[in-house]
Amino acid sequence: MGNMDDERTRGLMSRRDALRSILWGAAGLTFANHLPAAFAQAAGQQPRAKAIIQIWMWGGPPHTDTFDPKPDAGYDYTGPLNRTLDTNVPGIQIGQLLPQLAQQADKYSIIRSMTHGINGHETAAYITQTGHPPGGRLVYPSIGALVSKFKGYDGGYTGLVPPYVVLTRPQGRFDEAGFLGPRYKPFSTGGDPNAQRFAVEGIVAGNITDERQAGRRELLHSVDTLKQAMPEHPQSVNLDTRETKAYDMILGDAGKLFDLSQEDAELRQRYGRNTFGQSCLMARRLVGAGVPYVTINYGGWDTHKQHFETMRWKLPQMDAAFATLLQDLADHDLLDSTIVWWSGEFGRSPRVAWEAPWNGGRHHFGQCFSAVLAGGGFKGGQVVGASNATGERVAERPVYPEDVLGSMCELMGIDPEGPLPNSRGMDLKVMASDERPDDAVGRLKEIM
Numbered sequence: 144m145g146n147m148d149d150e151r152t153r154g155l156m157s158r159r160d161a162l163r164s165i166l167w168g169a170a171g172l173t174f175a176n177h178l179p180a181a182f183a184q185a186a187g188q189q190p191r192a193k194a195i196i197q198i199w200m201w202g203g204p205p206h207t208d209t210f211d212p213k214p215d216a217g218y219d220y221t222g223p224l225n226r227t228l229d230t231n232v233p234g235i236q237i238g239q240l241l242p243q244l245a246q247q248a249d250k251y252s253i254i255r256s257m258t259h260g261i262n263g264h265e266t267a268a269y270i271t272q273t274g275h276p277p278g279g280r281l282v283y284p285s286i287g288a289l290v291s292k293f294k295g296y297d298g299g300y301t302g303l304v305p306p307y308v309v310l311t312r313p314q315g316r317f318d319e320a321g322f323l324g325p326r327y328k329p330f331s332t333g334g335d336p337n338a339q340r341f342a343v344e345g346i347v348a349g350n351i352t353d354e355r356q357a358g359r360r361e362l363l364h365s366v367d368t369l370k371q372a373m374p375e376h377p378q379s380v381n382l383d384t385r386e387t388k389a390y391d392m393i394l395g396d397a398g399k400l401f402d403l404s405q406e407d408a409e410l411r412q413r414y415g416r417n418t419f420g421q422s423c424l425m426a427r428r429l430v431g432a433g434v435p436y437v438t439i440n441y442g443g444w445d446t447h448k449q450h451f452e453t454m455r456w457k458l459p460q461m462d463a464a465f466a467t468l469l470q471d472l473a474d475h476d477l478l479d480s481t482i483v484w485w486s487g488e489f490g491r492s493p494r495v496a497w498e499a500p501w502n503g504g505r506h507h508f509g510q511c512f513s514a515v516l517a518g519g520g521f522k523g524g525q526v527v528g529a530s531n532a533t534g535e536r537v538a539e540r541p542v543y544p545e546d547v548l549g550s551m552c553e554l555m556g557i558d559p560e561g562p563l564p565n566s567r568g569m570d571l572k573v574m575a576s577d578e579r580p581d582d583a584v585g586r587l588k589e590i591m
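The working numbering numbers the first residue of the sequence shown as 144 and each following residue consecutively.
This is how it looks when you write it as structure tokens:
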């Protein structure tokens, strides 16, 4: 019996240490050092967006099978997916496996001329999410970290849930916070929102009831002899305050926020009872609760082999969840204030690799690809740019990552040309315009 008690105590001590570690990061939410008003407004305009949901298509989605189909390019380019769908916007067509998104086209704009020319996952993910070319001596922060700084920790955000959340695991391709430091990294939920109980790291335990959690807290207090010996010590008082905040997260409103069983069962079915579908629903709940940046890390798109077999089940899954998210945001009066950004680090090669060992695969392709933007001040029912007849080159209006990110910053009230504070005191801008390619047209004014 004594051995069991010792083992239980060791487990709780480990839990306590983990909880303290989480809180030392989360407690920073209450110590915002507000920046000048110039950082809260871009170009003298009031922000139109309050939040961003980033649907990150980890691995690179195929632009010619989704939002830039080329049905006349021939079998070596289309494979079996050689048809298109008319959308609810006359003149706009998308891929044949996206029927629900076809009925939501009035809510989003398609960019068909994204480009950066990089075919490596890490470097492409970096430039697509920071707007800065890789290889320099500085590692710049991602757009999520920028929002976490300007609209989160340093922008008056007071929520218990961190201002930058990733569902459900980090991307692992680069340091999202860059030189801003670990405080601005995303909070990764872990777990599976499609599980019976969404086990959120440090907040919701999948197999522990709230009652048992409260009992553990009492046991924690009984074995914390240091705190009992010095209850008035400033560090003890500080830790007690943070512990209270932690348990407010676990047993209070934050824990309830992650409880998807509160949602209508039919709505959950429309999103799709899978990890991605329920992540999209969770993202809507998070932005509805005031979280300014949510990433849905949606993997499985690095389809070098047997690409079309994968698309037959991945694209319908994406279609249902993405389309339902747009409608659900609109139904909750959140779409006008929430940017939805769909993109991967690049596209897939338009010419199919039929030969062994690929057996009908598509490879990395950063020369020309697509992105989708909706809500938060972006117009719907528009197409920006164009690719050539096979989808291999930009034919009209090249759009670079910094154009997209700078446009989102503007709508969020973050000045893209404004200074980016850093510990070295360097003269840096949020999006440095002097790094733009010569043929860059600029930010997406045609859809803002």
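Glycine is no exception: its CB is placed at the ideal position from the N, C-alpha and C atoms.
Let me know if residue 440 comes out buried or exposed under the rule of 16 or more other beta-carbons within 10 Å of its beta-carbon. Label assigned to residue 440: buried.
What does the alpha-carbon distance come out to for the pair residue 550 and residue 587? About 6 Å.
N-terminal and C-terminal residue of the alpha helix (DSSP H) that residue 413 is part of: Boundaries of the alpha helix (DSSP H) around residue 413: 408-414.
Which of the three DSSP states, helix, strand or coil, is assigned to residue 133? What the structure shows of the chain is the stretch from 144 to 591, and residue 133 is not part of that stretch, so it cannot be assessed.
Based on DSSP bridge pairs, tell me the residues matched to residue 310. According to DSSP, residue 310 bridges with 439.
Segments of 4+ residues assigned as alpha helix (DSSP H) that fall wholly inside the segment 196-227: For the segment 196-227, whole alpha helix (DSSP H) runs of length 4 or above, ordered along the chain, are 218-221.
Contact between the segment 236-243 and the segment 517-525 is defined here as three or more beta-carbon pairs at a separation below 8 Å; is this criterion met? Here the segment 236-243 makes no contact with the segment 517-525; the two share fewer than three CB pairs at distances below 8 Å.
How far does the beta strand (DSSP E) with residue 539 in it extend, from its first residue to its last? Counting along the chain, the beta strand (DSSP E) containing residue 539 begins and ends at 537-539.
As assigned by DSSP and simplified to three states, the class of residue 470: Reduced to three states, the DSSP call for residue 470 is helix.
Near residue 294, which residues of its chain fall below 6 Å by C-beta distance, leaving aside the five closest residues on each side in sequence? Cβ neighbours of residue 294 beyond the five flanking positions: 435.
Count Cβ pairs between the segment 506-519 and the segment 225-234 that sit closer than 8 Å; are there 3 or more? For the pair of segments examined, the segment 506-519 was found not to touch the segment 225-234: the number of CB pairs separated by less than 8 Å stays below three.
Assuming residue 604 is part of the beta strand (DSSP E), what are its boundary residues? There is no way to answer for residue 604, as the model of the chain reaches only from 144 to 591.
Would you mind reading off the limits of the alpha helix (DSSP H) that contains residue 334? That residue, residue 334, is in no alpha helix (DSSP H); it is neither H nor E in DSSP.
Below 9 Å between beta carbons: does that hold for residue 495 and residue 487? It is not a contact, given that the beta carbons lie outside the stated cut-off.
Does the separation of the CB atoms of residue 445 and residue 222 fall below 9 Å? Contact flag unset, no.
Whole-angstrom distance between residue 319 and residue 475, CA atom to CA atom: Each residue's alpha carbon lies about 30 Å from the other.
For residue 237: DSSP bridge partner residues: BP columns for residue 237 point to 228.
Counting C-beta neighbours from all protein chains within 10 Å, is the total for residue 271 16 or more, i.e. buried, or is it exposed? Burial call: buried.
Please classify residue 338 as buried or exposed, where buried requires at least 16 neighbouring CB atoms within 10 angstroms. Here residue 338 is exposed: its Cβ has fewer than 16 other Cβ atoms, across all protein chains shown, within 10 Å.
Give me the Cα-Cα distance between residue 543 and residue 377, rounded to the nearest whole angstrom. Rounded to whole angstroms, residue 543 to residue 377 spans 51 Å at the Cα level.
I'd like to confirm the pairing. Which residues does DSSP put opposite residue 562 in its beta bridges? In the DSSP output, where bridge partners are listed per residue, residue 562 has 572.
Would you mind working out which of 499, 548, 409 and 311 sits nearest residue 467, comparing C-alpha positions? For the set 499, 548, 409 and 311, the Cα lying nearest the Cα of residue 467 is the one of 409.
Looking at C-alpha atoms only, which residue of 275, 400, 298 and 282 is the closest neighbour of residue 428? Comparing Cα positions, the closest option is 400.
What residue does the beta strand (DSSP E) around residue 512 start on, and which one ends it? Start and end: 512-517.
According to the Cβ coordinates, are residue 590 and residue 331 closer than 9 Å? Cβ distance not < 9 Å, so residue 590 and residue 331 don't count as in contact.
On a Cα-Cα basis, can you pick out the residue from 306, 265 and 275 that is closest to residue 196? Residue nearest to residue 196 within the set 306, 265 and 275 is 306 (criterion: CA-CA distance).
If I'm right that residue 216 touches residue 532 with Cβ under 8 Å, what's the distance once you round it to whole angstroms? Separation of the CB atoms of residue 216 and residue 532 is rounded to 6 Å, and the pair is thereby assigned contact status at 8 Å.
Could you tell me if residue 189 is buried or exposed, where buried requires 16 or more neighbouring beta carbons within 10 angstroms of its beta carbon? Exposed, by the Cβ-count rule.
Backbone CA spacing between residue 333 and residue 462 [nearest angstrom]: Residue 333 and residue 462 have their C-alpha atoms spaced approximately 23 Å apart.
Between which two residues does the alpha helix (DSSP H) carrying residue 272 extend? Here the alpha helix (DSSP H) through residue 272 covers 264-273.
For residue 280, does the three-state DSSP call read helix, strand or coil? DSSP, read as helix, strand or coil, puts residue 280 in coil.
Would you kindly work out how many angstroms separate the C-alpha atoms of residue 480 and residue 431, rounded to a whole number? Each residue's Cα considered, the two are about 10 Å apart.
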